[in-house]
Every structure is written in C-alpha cells, then in structure tokens.
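Residue numbers (the numbering used here): 67 to 316. From the three backbone atoms N, C-alpha and C, an ideal C-beta is built for every residue, glycine too. Each remark here refers to the structure printed beneath this line.
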C-alpha cells in the first residue's frame, strides 16, 4: 500500500545473536520444520490446533503475497479466526496465530494475517438507486478486510506444505544465510530493522515477565493502525504452477 520494502544484500552476522536461528531443512527451498500451530485469543487463552501433527514443511518465500495453508488445515484455522468484519471493526477481537518454526516460538497477530483489498460496491443511496433505474449505475471502490490465507495441497518430506509469504516478512525481519544454511528471524521494527528476539527462557532488564508477552509487545509496538492494502489482482502465488503429485522435496 505504498510503504517501502527493504532488501539487504550481504552478510549481517552481527545481528545473528539477537535473532532466532531457524535451521533450513531443504535443499531446494528456504524450508523449515513447522510444529505446534495454535491460536491465542484476545483474552489470553491459548490452544494448540489439530494441524501439523507431527509436523509440516514451511517455506519462507518472498515471492508469495499471502500465506499458503493445506486446505483441511485452513478450515480449522478459519473456524478459530471466525468472521472478519469487512470494515475491520473487530480486528482487535481476532486471535493471534502462534507457530513453532525450527524450534522457536513465533506469532502472527491479526494485523499481520488480515489485509484490506479493493472491492467494487454499488451505490444504493437514493441517488444511486435513481442511477440504477436509469441504467447509469455508479460503482465505488472500497477496501474490504479479509484474512490473507489461501488453500493449497502439497506434501513434503516433513509433512503438508505451508508458504509463509509477505505477511510473515512484514512482521519478521528475516535473514537467509546460504553459507551455513540457516534463516534468522526477529520482529521487524518501525525502521524495518530487527528487534531482539526473546525465547522462553529470556528476561529483559530483569523484569519478571514471560518472553511470550515480550514478543507480543515487541510486535504490537510496530503494527500498523490498519492492515495493509493488498490488490489481490496483483497478488503473487507462484506455487499454483509448482505443485506436483506426491511428495515435493523442499
């Protein structure tokens, strides 16, 4: 929606110590093992979902605009999310998606997995009805809120495939390190630079709070007031032409 994106070329090893190290498990893609997918409600209640058991294969892909999820698992996630109001008025009541990726805990809050997309709307005001009756309908373009998941089915050597696309990269600063086949991720700050990733055993400044809440606060502090605008007509999904029968080695 007009916000800048950044691509840094070259090693940044001095950042690795403040980021989560995610082992790359594939030879062909930037893939990792995904487990323990869950939801946390706005009230703080957490539950694990019956997906990715024992595991899934997740690819962090900068060329995909949305988040690809196995179709059966997407139904489970949609049931947990519930209805997304078209005007985003209930976004603060939607749950946060939680993930264990490469042995590290991550979360995607509603403002990460909900997008606004342009949609035509017929003017039904009194004047609009007059134009309809006189065969001169007026159509306005409005933005409609919706979740950013799409269904796909592909097996990998680590289980069903997920694609973590742009919604992930808007939330987490991610380093792809080819030299040691690792990915490093941490919450992206307002300046598009990484903040410090906190795992479950860390404490910041000796404050007795859990890393879970610290991670949530870190992400929430840089979330936009409204979800980003995504033109679905221009959205990229290269996987629609890459899926194969059987198992894909990621």
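Counting the other CB atoms within 10 Å of its CB gives residue 239 a total of 16 or more, which places it among the buried residues. The segment 81-91 makes contact with the segment 165-180, as at least three CB pairs between them are under 8 Å.
For residue 228, the pairing in a beta bridge is given by DSSP as 124. The Cβ atoms of residue 152 and residue 99 lie no closer than 8 Å to each other.
Only exposed fits residue 148, as fewer than 16 other CB atoms lie within 10 angstroms of its CB. Its chain contains 207, 208, 209 and 210 as the residues whose beta carbon lies nearer than 8 Å to that of residue 185, once the 5 sequence neighbours on both sides are disregarded; these appear in chain order. Secondary structure note for residue 140: it is in no beta strand (DSSP E), and the uninterrupted alpha helix (DSSP H) holding it is 137-147. DSSP places residue 177 within a helical segment (H, G or I) once states are collapsed to three. No residue range can be given for residue 156, since it is assigned to no beta strand (DSSP E) and is classified by DSSP as neither H nor E. Closest in alpha carbon position to residue 295, among 306, 308 and 232, is 232. Per DSSP, residue 79 lies in no beta strand (DSSP E) and is assigned neither H nor E. Around the C-beta of residue 73, fewer than 16 other C-beta atoms lie within 10 Å, and the residue is accordingly described as exposed. Sequence-distant Cβ neighbours of residue 162 in its own chain, meaning closer than 6 Å and more than five residues away, are 106, 173 and 175. Of the candidates 131, 253, 223 and 227, 131 places its Cα closest to the Cα of residue 180.
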